[in-house]
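Visitor: Mind the numbering: the sequence shown is residues 0 to 363 in numbering that gives the first Met the number 0, read in order.
From the three backbone atoms N, C-alpha and C, an ideal C-beta is built for every residue, glycine too.
Predicted model only: the values in this text are computed from it and were never measured.
Here it is: the structure, laid out below.
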Amino acid sequence: MAQLVLRILLFVAALAQAPLANAKSLQVELYAQTSLAPKLMLDREVVGGLSGMFWDGSALTAVSDDRGKFGPPRFYELDMKISVGKVDLRVTKARHLKETPKNWVLDDEAIVSLPKGDLGISTEGDNNKKPRAMPHIFVTSATGVYKSEIPLPDKFLPEPTGLQKKGIENNHGFEGMTASPNGQSLYIMNEYPIIADQSDDDLHFWLRLVEFKKDNDSFKASAEYPYMMTRMPKSPMGAEIFRGISEILYVSEGKFIVLERGVRLTKKGIAYSGGLYLAETSGAKEVSAVQSLADGKSTAMKKTKLIDFEELFKNQTLENFEALAWGPVLPDGRKSLLVMSDNNFSAKEKTTLLVFAVKEVESW
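Take a look at the structure:
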């Protein structure tokens with residue numbers, strides 16, 4: 000009995016010391032879902048590879064990661080209508096990216112809305128090119144006309160030629176990008192650790208959330224925060240052989256939803272895994288001056304699991320979820336959170352849109 004009383008007293012004391020700012024979390028519930036028709040065409044181009052998106056209040060805009068195999072680099076406008084427990088999705092317009100520098104390779108993975116109607120786009124480049132095609136964050140007009148580039152910290156850039164000893168590895172660039180509602184802050188996150196942050200630990204991985212602040216007509220990197228990603232344990236489905244970040248989404252100052260996407264090796268081949276996490280910069284030490292996180296001494300952003308897709312869709316084949324955005328208010332008054340999959344232009348995969356209902360709740 001005395002031990003029980005002691006545990007209760009310790010619990011009450013802990014509650015008394017807990018900061019109110021950390022007392023809120025997010026409750027996420029699947030509300031509706033739909034998929035685009037397979038082999039969908041628009042203006043004689045294949046619709047697919049949708050890797051990033053945003054909702055502007057009237058339509059959904061999604062960028063394709065097509066490097067030019069099925070059409071020019073492009074993004075789409077989609078008409079989305081949500082009713083009670085149902086969502087309808089239709090691709091209505093495609094816009095090609097124009098006037099980007101000729102030496103760039105566009106492998107576009109994220110898109111955000113910026114002030115004055117501009118768009119921010121992240122492209123991974125191509126390390127297999129000679130010289131290497133660098134990753135870029137750039138700004139276009141609403142119609143896709145190139146306007147300017149946002150400079151990246153040097154630690155993320157590989158050498159143009161020769162043996163790569165630094166920077167982002169091929170196809171592991173800035174899959175995650177989001178902006179604050181006022182457009183004054185921009186955030187990006189690499190999918191997989193840069194070379195300097197890699198260690199012998201094949202279970203835990205260090206990523207960096209990079210913050211940019213608006214400076215006149217451009218953005219400048221202002222801070223970096225360490226994010227720890229952990230490969231999921233082996234399950235009856237098979238071992239997870241890869242896990243990375245495929246998107247991030249601004250929630251409030253210092254809080255983000257992170258979309259992690261994994262790959263399992265199963266008896267039937269490759270299967271996707273992943274989930275949604277709430278991550279906070281509060282308590283994490285800023286690391287822009289730290290050249291390597293490999294020693295494990297940095298304090299990672301706090302993260303809380305919101306949804307595990309394997310738990311949500313038990314015994315179902317998961318899609319390759321890569322895009323994340325806030326959507327309209329749902330008929331029941333809750334906020335909608337949108338998650339969409341990249342079909343990799345494969346007949347075996349779908350472009351699926353998940354609509355989640357979100358509300359803020361007490362976390363204790």
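Where proline 114 and alanine 293 are concerned, what is the direct C-alpha to C-alpha distance, given to the nearest angstrom?
Guide: Translated into positions along the sequence shown, residue 114 becomes position 115. Translated into positions along the sequence shown, residue 293 becomes position 294. Cα to Cα, the separation comes out at about 37 Å.
Visitor: Is the beta carbon of lysine 302 closer than 8 Å to that of tyrosine 276?
Guide: For this step, residue 276 is matched to residue 277 along the sequence shown. For this step, residue 302 is matched to residue 303 along the sequence shown. Yes, the pair counts as a contact, with Cβ atoms nearer than the cut-off.
Visitor: Using 8 Å for Cβ pairs, my map puts threonine 177 next to lysine 129. What's the rounded Cβ distance?
Guide: Sequence index remark: in the sequence shown, residue 177 carries index 178 (1-based). Sequence index remark: in the sequence shown, residue 129 carries index 130 (1-based). About 33 Å separates the two Cβ atoms, so there is no contact after all.
Visitor: Identify whether glutamate 158 lies in helix, strand or coil by the three-state DSSP scheme.
Guide: Within the sequence shown, residue 158 is the residue found at index 159, counting from 1. In the structure shown, glutamate 158 sits in coil (DSSP, three-state: anything other than H, G, I, E or B).
Visitor: Within 10 Å of its beta-carbon, does lysine 85 have 16 or more other beta-carbons around it, so buried, or fewer, so exposed?
Guide: Stepping through the sequence shown from its first residue, residue 85 is reached at position 86. Its Cβ having fewer than 16 others within 10 Å, lysine 85 is exposed.
Visitor: For phenylalanine 308, collect the residues of the same chain with a Cβ closer than 6 Å to its Cβ; drop the 5 residues on either side in sequence, then sort them by chain order.
Guide: On the sequence shown, position 309 is the one that residue 308 refers to. Closer than 6 Å at Cβ, skipping near neighbours: Gly273, Gly274, Leu317.
Visitor: Pick out the complete beta strand (DSSP E) segments inside the region 234-284, 3 residues or longer, and give them in chain order.
Guide: If we require 3 residues or more, the beta strand (DSSP E) runs fully inside the region 234-284 come out as 238-251, 254-265, 268-279.
Visitor: Short check: CB of leucine 336 to CB of valine 360, under 8 Å?
Guide: Residue numbering aside, residue 336 sits at position 337 when the sequence shown is read from its first letter. Residue numbering aside, residue 360 sits at position 361 when the sequence shown is read from its first letter. No.
Visitor: Can you round the beta-carbon distance between aspartate 107 and valine 45 to whole angstroms, since I take them to be within the 8 Å contact cut?
Guide: Residue numbering aside, residue 107 sits at position 108 when the sequence shown is read from its first letter. Residue numbering aside, residue 45 sits at position 46 when the sequence shown is read from its first letter. Wrong, their Cβ atoms sit about 15 Å apart, outside the cutoff.
Visitor: Is it a yes or a no for the region 169-183 touching the region 138-147, going by three-plus beta-carbon pairs under 8 Å?
Guide: Verdict: no, contact absent.
Visitor: Buried or exposed: where does valine 83 fall if 16 or more other Cβ atoms within 10 Å of its Cβ makes it buried?
Guide: Numbered from 1 along the sequence shown, position 84 holds the residue referred to as residue 83. Exposed, because fewer than 16 other Cβ atoms sit within 10 Å of the Cβ of valine 83.
Visitor: Locate the beta strand (DSSP E) running through glutamate 76, then write down its first and last residues.
Guide: Here the question's residue 76 lines up with position 77 in the sequence shown. Glutamate 76 -> beta strand (DSSP E) spans 73-82.
Visitor: Leaving out the 5 sequence neighbours to the left and right, which residues in its chain are closer than 7 Å to arginine 94 when beta-carbon positions are compared?
Guide: Within the sequence shown, residue 94 is the residue found at index 95, counting from 1. Around arginine 94: Arg73, Phe74, Thr142, Gly143.
Visitor: Could you tell me whether the Cβ atoms of phenylalanine 355 and serine 340 are closer together than 8 Å?
Guide: Taking the sequence shown and counting its residues from 1, one reaches residue 355 at position 356. Taking the sequence shown and counting its residues from 1, one reaches residue 340 at position 341. No.
Visitor: According to DSSP, simplified to helix, strand and coil, what is lysine 115?
Guide: To locate residue 115, count along the sequence shown from 1; it is residue 116. Reduced to three states, the DSSP call for lysine 115 is helix.
Visitor: Would you call leucine 162 buried or exposed, if buried means 16 or more other Cβ atoms sit within 10 Å of its Cβ?
Guide: Locating residue 162 in the sequence shown gives position 163, counting from the first residue. Exposed: under 16 other Cβ atoms inside 10 Å.
Visitor: Which word fits serine 50, buried or exposed, when buried means at least 16 other C-beta atoms lie within 10 angstroms of its C-beta?
Guide: Within the sequence shown, the letter at position 51 stands for residue 50. Buried.
Visitor: In angstroms with no decimal places, state the Cα-to-Cα distance between serine 112 and threonine 60.
Guide: For this step, residue 112 is matched to residue 113 along the sequence shown. For this step, residue 60 is matched to residue 61 along the sequence shown. Cα to Cα, the separation comes out at about 9 Å.
Visitor: Going by DSSP in three states, glutamate 310 sits in which element: helix, strand or coil?
Guide: The residue given as residue 310 occupies position 311 in the sequence shown. Here glutamate 310 sits in helix by DSSP.
Visitor: Let me know the secondary structure DSSP gives isoleucine 167 once reduced to three states.
Guide: Against the sequence shown, residue 167 aligns to sequence position 168. Three-state result, isoleucine 167: coil.
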